[in-house]
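From first to last, the protein sequence lines are chains A and B.
With our numbering applied, the first sequence covers 30 to 165.
With our numbering applied, the second sequence covers 120 to 362.
Backbone N, C-alpha and C define an ideal beta-carbon position, used for all residues, glycine too.
Report on the structure given below.
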Amino acid sequence: MHEWSLALSLVQTLDKWALERQVQIRRVVLSVPSPSQLDIAVLKEAFDTLKRESRLEKAALEVKVVTPRYRCRACGYEFGQEEVDPQIKKLMGDYGEEYPLHLIPELLPTFVRCPRCGSHDIEAELSIKVEEVETI
Amino acid sequence: MRPLLELARERLRGRRVIAVMSGKGGVGKSVVAAMLALNKPGAALVDLDLSGMAVPKLFGVVGRLHEVSKDGIEPLVAGGLKLFSLGGVVGDRYVLLPGYGQAGAVEALLAFAKLDGAEAVVVDMPPGMGEELLALGRAADFTPVVVTTPSKAAVGVVRHLIDYLAEMRKKPAAIVLNMAYVECGGAKVYPFGRGDGATELAQRHGIPLHEVPIDPELENYVGRIYEYKGPVAQALRQLADKL
Numbered sequence: 030m031h032e033w034s035l036a037l038s039l040v041q042t043l044d045k046w047a048l049e050r051q052v053q054i055r056r057v058v059l060s061v062p063s064p065s066q067l068d069i070a071v072l073k074e075a076f077d078t079l080k081r082e083s084r085l086e087k088a089a090l091e092v093k094v095v096t097p098r099y100r101c102r103a104c105g106y107e108f109g110q111e112e113v114d115p116q117i118k119k120l121m122g123d124y125g126e127e128y129p130l131h132l133i134p135e136l137l138p139t140f141v142r143c144p145r146c147g148s149h150d151i152e153a154e155l156s157i158k159v160e161e162v163e164t165i
Numbered sequence: 120m121r122p123l124l125e126l127a128r129e130r131l132r133g134r135r136v137i138a139v140m141s142g143k144g145g146v147g148k149s150v151v152a153a154m155l156a157l158n159k160p161g162a163a164l165v166d167l168d169l170s171g172m173a174v175p176k177l178f179g180v181v182g183r184l185h186e187v188s189k190d191g192i193e194p195l196v197a198g199g200l201k202l203f204s205l206g207g208v209v210g211d212r213y214v215l216l217p218g219y220g221q222a223g224a225v226e227a228l229l230a231f232a233k234l235d236g237a238e239a240v241v242v243d244m245p246p247g248m249g250e251e252l253l254a255l256g257r258a259a260d261f262t263p264v265v266v267t268t269p270s271k272a273a274v275g276v277v278r279h280l281i282d283y284l285a286e287m288r289k290k291p292a293a294i295v296l297n298m299a300y301v302e303c304g305g306a307k308v309y310p311f312g313r314g315d316g317a318t319e320l321a322q323r324h325g326i327p328l329h330e331v332p333i334d335p336e337l338e339n340y341v342g343r344i345y346e347y348k349g350p351v352a353q354a355l356r357q358l359a360d361k362l
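As structure tokens, this is what we get:
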């Protein structure tokens, strides 16, 4: 369900942006971090529904699911998603549909610990960003 | 471009944002924020104290999670007031975040909070001056209400916050001198002194000072604060009317 509110934020923000510049939008590239576990098909469906009668009416949404690299600021250990996945899996099991990183991926350090030293002081690129906008 | 920050700005545009803050912890910010929101018609309460999350505790909604609908997160409702808190996302557990995580959490909460119908948004800020304060400043033009106690230790810390706000040209609507006095036989007794430091600070910056009493009974209303009608509520209702 959160995919819809995310799509709405995207359409509203870009529609306003396009209106200010008097342009139409042709293509949008959105990057989302993989721990958010967003359903890309639902996100695109929501985008295609919500873009009607806006300056994104002809826009195609491209979603890049970014697998972050992690660094522990306490011990310096750098690690990949494969070392985080067991913790993510447990978190999804604990919360079910209310999985908190779905709504706010930046909450990851609250739930994930460094595989080497156990610290929560973890650095990663976890924000949802518009990377490119092509206009007409 | 960060769509959530843009959406947060959009959600808050046209609404009065009253940010209850203090440089110091433990001065009663959450109670002040709760009472102001309860006494301001058409207000919603947003808890940005990401680690403290006192709002769910005060309103008895600990462990309840926000429902997520197609256009955002639904409020938790207690005592007729719409509440939004990270506690409604993570449940009853601790939150520990580096700065970028705090920024993301603040922006997402503000972006997705369904504030429909709320003319005013009262924000319960965390103690200190950190990422949440910067993040709120990015999302909205807010009116600060600064809380202190008569303690010199508290006023000393609050002074730094007020200096910062002055630099940002955000003049507080009030300094709340919390736990200022006890009513005893019709007289006011000031157990911690008269709060001269707070008075001097308020005068120097031309900010109204608003005294709020101590009421030990308030503790019995933690979990159902919306039922409390005692002297703390009365004092803060007067402030809410002025904001």
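- The C-beta distance from Leu202/B to Val174/B rounds to 6 Å, short enough to meet the 8 Å contact threshold.
- Under the three-state reduction of DSSP, Ser188/B is assigned to strand.
- Taking 8 Å as the threshold, the shortest C-beta distance from Pro310/B to chain A does not fall below it.
- With respect to the C-alpha of Thr42/A, the residue from Val139/B, Ala230/B and Pro194/B having the closest C-alpha is Ala230/B.
- The residue from Leu39/A, Thr96/A and Pro64/A with its alpha-carbon nearest to that of Asp77/A is Leu39/A.
- Remark: C-beta atoms of Ala152/B and Val180/B do not approach each other more closely than 8 Å.
- Contact between the segment 138–149 of chain B and the segment 279–287 of chain B is established, with three or more Cβ pairs separated by less than 8 Å.
- Against chain A, the CB of Met120/B has a partner CB under 8 Å away; the residue lies at that interface.
- The beta carbon of Phe231/B sits closer than 8 Å to some beta carbon of chain A.
- Between Ile294/B and Glu32/A, the alpha-carbon positions lie close to 42 Å from each other.
- Distance from the CA of Lys307/B to the CA of Ala239/B, rounded to the nearest whole angstrom, comes to 33 Å.
- Contact check between the segment 327–346 of chain B and the segment 125–135 of chain B: fewer than three CB pairs, one atom from each, fall below 8 Å, which does not count as touching.
- Of all residues in the segment 333–362 of chain B, none is placed with a Cβ closer than 9 Å to any Cβ belonging to chain A.
- Gly191/B is the residue among Val264/B, Gly249/B, Gly191/B and Ala272/B whose C-alpha sits nearest the C-alpha of Asp235/B.
- Around Tyr219/B, the beta-carbon contacts reaching into chain A at under 7 Å are Glu135.
- The three-state reading of DSSP puts Thr268/B in coil, since its state is none of H, G, I, E or B.
- When the Cα atoms are used, Thr262/B and Val136/B turn out to be separated by approximately 6 Å.
- Pairing Phe178/B with Ile333/B gives a Cβ-Cβ distance that is not under 8 Å.
- For Val61/A, there is no enclosing alpha helix (DSSP H); the enclosing beta strand (DSSP E) has its first and last residue at Ile54 to Pro62.
- One alpha carbon belongs to Leu85/A, the other to Gly314/B, and they sit about 57 Å apart.
- In this structure, Pro64/A and Leu155/A form a Cβ contact; the two beta carbons are roughly 7 Å apart against a cut-off of 8 Å.
- When beta bridges are read from the DSSP output, Pro263/B appears opposite Ala138/B.
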